[in-house]
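Have a look at the structure below before the remarks.
Shown next, in the form of structure tokens:
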């Protein structure tokens, strides 16, 4: 079996012999770490939403208020999930 990675017509990763490849262990660990980061971002977003519900922030300047932070956290989580999907798509 060769180490060369090719994407087959169906979008799966195959080796030079046409055998479907398993996801490398290092990618699995990287995805696990990224998923834990996404969970942390979502949890932080939930806390920000809860702070929005508790009333307006007197010191909010439009950039650092809870709703802006929530949007930023969710956009970061979205980027991480999209990157993970691109990474794992040849293997699933």
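Residue numbers (my numbering): 61 to 152.
The beta carbon of each residue, even a glycine, is placed where N, CA and C say it ideally should be.
Starting from the Cα of residue 77, find the closest Cα among 66, 138, 130, 85 and give me that residue.
66
Limits of the unbroken alpha helix (DSSP H) element including residue 90:
85–113
DSSP on residue 124, reduced to helix/strand/coil?
coil
Let me confirm a value: residue 152 is counted as buried when at least 16 other C-beta atoms fall within 10 Å, else exposed. Which label applies?
exposed
Compute the beta-carbon to beta-carbon distance between residue 137 and residue 88, rounded to the nearest angstrom, for a pair I have assumed lies under 8 Å.
So it is not a contact: roughly 20 Å between Cβ atoms.
Where does residue 149 land, buried or exposed, given buried means 16+ other C-beta within 10 angstroms?
exposed
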